[in-house]
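Numbering-wise, my numbering puts 195 at position 195 of the sequence shown, and it's gapless, one number per residue.
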Amino acid sequence: MNILITGIHGFVGSNFVSALKGDNNLYGLDIIIPQKEGVIKTFLWENIETISYPLQNLPRFDAIIHLAGKAHDTKNQSIAQDYFDINTGLTQKIFDFFLESSAKKFIFFSSVKAAADSVIGDILTEEINPTPVGPYGESKIRAEEYIQKHLPQDKQVYILRPCMIHGPGNKGNLNLLYNVVKKGIPWPLGSFDNRRSFRGTCKNLCLAKYL
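This is the structure:
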């Protein structure tokens, strides 16, 4: 199977390459194009303009996994529009490409932040009315809405909303807690009673390949 993965050089993308490279032909789509073991070729975003797609010498993709996006900024230093340009704009672009391409399957990794910033009760379900807070979650739900409005009849589309992910190559703030544990520092969160949800390891997340 020929699979195109956006954000292939990122944390989750690299783990997907490890999980998929044995049985598939993998191609990347990113802002950088270094060589990567297990990846036949990485394209730049300018290579997938829908109007030029028929003119490009691109493989016939069977599936597209969309991972690229601007991560949640815990330091609140990012410009709000950047989230919409990347998380919404690039999703629209790659989905339009998917609609015109030979690919029959599209998997979009959104975020739990698209649904809610906090949970009332014990469980967050798909039935919740999305109430994202801040540009990160808002940009993700707008991307989801665009996809929902343009669903094709003859193709498969999946939208996943993972929460916190950990695994090899993780660059998130979870590493700060890892370091606290390694150094034997007393657990600093004992006075809080809020709960955190984890998607589990990135290895488990890669089970999306069976969709």
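Where a beta carbon is used, it is the ideal one built from N, C-alpha and C, also for glycine.
Legend entry - Whole alpha helix (DSSP H) elements within the stretch 67-143, 4-residue minimum: For the stretch 67-143, whole alpha helix (DSSP H) runs of length 4 or above, ordered along the chain, are 80-83, 89-100.
Inset, instruction - Tell me whether Lys36 sits in a helix, a strand or coil according to DSSP, three-state version. - result: Along the sequence shown, read from residue 1 onward, the residue named residue 36 stands at position 36. Three-state result, Lys36: coil.
Inset, instruction - Indicate whether the contact test is met: 3 or more Cβ pairs, each with one atom in the stretch 17-27 and one in the stretch 83-99, closer than 8 Å. - result: no
Legend entry - Straight-line Cα distance separating Glu37 from Val181: As a first step, residue 181 must be located in the sequence shown, where it is residue number 181. As a first step, residue 37 must be located in the sequence shown, where it is residue number 37. Each residue's Cα considered, the two are about 33 Å apart.
Legend entry - Neighbourhood of Pro59 by C-beta distance below 7 Å, restricted to the same chain and skipping five residues each side: Numbered from its first residue, the sequence shown carries residue 59 at position 59. These residues qualify, in order along the chain: Asn2, Tyr27.
Inset, instruction - Taking only the alpha-carbon atoms, compute the straight-line gap between Phe139 and Ala115 and give it to the nearest angstrom. - result: Stepping through the sequence shown from its first residue, residue 139 is reached at position 139. Stepping through the sequence shown from its first residue, residue 115 is reached at position 115. The identity of residue 139 in the sequence shown is Ser, whereas the question assumes Phe. Going from the Cα of Ser139 to the Cα of Ala115 covers about 11 Å.
Inset, instruction - Have a look at Lys155, Asn129, Thr125, Leu176 and flag the residue whose alpha-carbon is nearest the alpha-carbon of Ile64. - result: Residue mapping note: residue 64 aligns to position 64 of the sequence shown, counting from 1. With distances taken between Cα atoms, Ile64 lies closest to Lys155.
Legend entry - Span separating the alpha-carbon of Ile185 from that of Leu4: In the sequence shown, counting from the first residue as 1, residue 185 sits at position 185. In the sequence shown, counting from the first residue as 1, residue 4 sits at position 4. The C-alpha of Ile185 lies about 43 Å from the C-alpha of Leu4.
Legend entry - Segment contact flag, the stretch 120-133 with the stretch 84-104, C-beta cutoff 8 Å, min 3 pairs: no
Inset, instruction - Measure how close the beta-carbons of Gly69 and Gly7 come, nearest whole angstrom, since I'm counting them as under 8 Å. - result: As a first step, residue 69 is located in the sequence shown; it is residue number 69 there, counting from the start. As a first step, residue 7 is located in the sequence shown; it is residue number 7 there, counting from the start. With a Cβ gap of about 7 Å, Gly69 and Gly7 count as contacting.
Legend entry - Buried versus exposed call for Ile32 [16 or more other C-beta atoms within 10 Å across all chains shown]: Here residue 32 is taken as the residue at index 32 of the sequence shown, counted from 1. Classification for Ile32: exposed.
Inset, instruction - Use the C-beta contact count for Leu212: other C-beta atoms within 10 angstroms, 16 or more gives buried, fewer gives exposed. - result: Coverage of the chain is limited to positions 1 through 211, which leaves residue 212 absent and any answer about it impossible.
Legend entry - Straight-line Cα distance separating Ala80 from Pro152: As a first step, residue 152 must be located in the sequence shown, where it is residue number 152. As a first step, residue 80 must be located in the sequence shown, where it is residue number 80. Distance between the alpha carbons of Pro152 and Ala80 is about 31 Å.
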